[in-house]
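When we follow numbering that gives the first Met the number 0, the leftmost residue of the sequence shown carries the number 0, and every step to the right adds one. Idealized CB from N, CA, C, for every residue including glycine. Here's the structure, in structure tokens; my notes come after.
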Amino acid sequence: MNRPELDYYAVLDQPRGATKEQITLAYRRLAIRLCPHRDKKDEQDFVPLAQEGRLTHLSPMGEPRQWAYVNMAFDVLGNDLYRAIYDRYGEAGLFEGVMLPNGYFPPYQYDGDHMKVYERVFGSYSPYANVIDAISNPPSLYATRQHGIGVRSKDASTERIIELSLEEVRTGCVKLMNVWRQEIVDAKESRMEKRKHTLKLNIAPGTTAGTRFCFKEEGDRYPATIPGDIIFIAADKPHPDFERRNQHDLVYRQSIGLCQAFTGFTFFICTLDRRQLKVVITDVVQPGYTKVVPLEGLPKCRNLDAVTAIKEANKKVEQFGDLIIEFDYIFPKYLTPHMKHITREFFREFRKLEIELEEEEERNMV
């Protein structure tokens, strides 16, 4: 039997469109009245909600249960990512986990430590809390080579180049990267073994070369140090037909003969998403001439944070770079005397027609 979903906004007595500041203020107002550790001598300062005329659906419950619900509600609504998931998928999506545009979000679990939430908002549950915590729960000490005993240091990061084809950049993809790392294999931390670990890399459409994908503390797991980060750096794999330029533009080179350069021609380009793009050239293709086809380049990558990615998950990418077509001229390797004679006659007649056209244009201008 499915239990009814809890309305976290109603718990904090706030509308769904409330800002983060309004939600925090609502929690503070409720927390100072419901916190079980408040000083009893100041009881008159904590007026019950019923006396303020602010009755909610939690009012019939006892204060300990209200205290639990208020902290759980703020733990979700006070976190931008949790709130975005709750607004879009409800409490079921929050507790069961959902697949987001930039990876899988595991099921949310509230740890039940109400004072931890309280301390996060008010800064501390006691003026001496930080000192007490440092004494009662000191940081772990491990052996180090330099100083014998000390706090663990972090290993250096490992960087690896990952080449992406332009087709992968055009559509986006998911890559599973296998890394080998040292891991502790017994409880006494006395034996280590090299094991394979798989990391999931989400490549967004339009990812640019040099983009860094950081997996925090996924390196070798030695007992005396904190694991280092593993960083994958995107690089463009050479393509037989296209070249990336200005991050989002594509360059395509078309070879043409002199006849085509003078008279125009039509050709087709097979795009990265396997469409046949028809290109018609009617101009005289002079040296340095380029043909620009708008919005036929790579998608413009938007490096969104997880919250924004959830809100815009169903939006189609509409911003693209351009396709720039450049031309290479094919000249004959050899001309016979007869071919040279025909070529001279052609250009002689061609020059005469060109002069006649210029004179006619001058007369029309007068």
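For Asp-235, the enclosing beta strand (DSSP E) covers residues 229-235.
Per DSSP, the unbroken beta strand (DSSP E) holding Leu-276 starts and ends at 275-280. Glu-95 has its alpha-carbon roughly 15 Å from the corresponding atom of Ala-83. The closest CA to that of Asp-112, considering only Tyr-88, Asp-74, Arg-87, is found on Asp-74. A distance of 7 Å or more separates the beta carbons of Gly-171 and Ala-208.
Within the DSSP bridge table, the entry for Met-176 names Leu-198 as partners. Here DSSP, grouped into helix, strand and coil, assigns Val-250 to strand. DSSP places Thr-262 in the helix class (H, G or I) of the three-state scheme. Fewer than three Cβ pairs drawn from the region 215-226 and the region 280-291 lie within less than 8 Å of each other, which leaves the two stretches out of contact.
The beta-bridge partner set that DSSP reports for Val-292 consists of Leu-322.
Two segments are said to touch when three or more pairs of C-beta atoms, one from each, lie closer than 8 Å; by this definition the region 243-256 does not touch the region 173-181. Within the same chain, and ignoring the five residues on either side of Asp-235 in sequence, the residues whose Cβ sits closer than 8 Å to its Cβ are Glu-162, Leu-163, Leu-165, Val-168, Ala-208, Arg-243. Thr-206 sits in coil when the DSSP states are folded into three classes, being neither helix nor strand. Assignment of beta-bridge partners to Lys-19 by DSSP yields no partner.
Asp-86 carries a helical assignment under DSSP once its states are collapsed to helix, strand and coil. Phe-104 has Val-97 as its beta-bridge partners, per DSSP. Around the C-beta of Ile-324, 16 or more other C-beta atoms lie within 10 Å, and the residue is accordingly described as buried. Counting only the Cα atoms, Asp-272 lies some 42 Å from Glu-182. Short of 8 Å from the beta carbon of Phe-267, and not among the five residues preceding or following it, lie these beta carbons of its own chain, in chain order: Gln-275, Leu-276, Lys-277, Val-278.
Counting C-beta atoms within 10 angstroms of its own C-beta, Gln-108 has fewer than 16 neighbours from the protein chains shown and is therefore classed as exposed.
Shown here, Asp-74 sits in a helix according to DSSP, grouped into three states.
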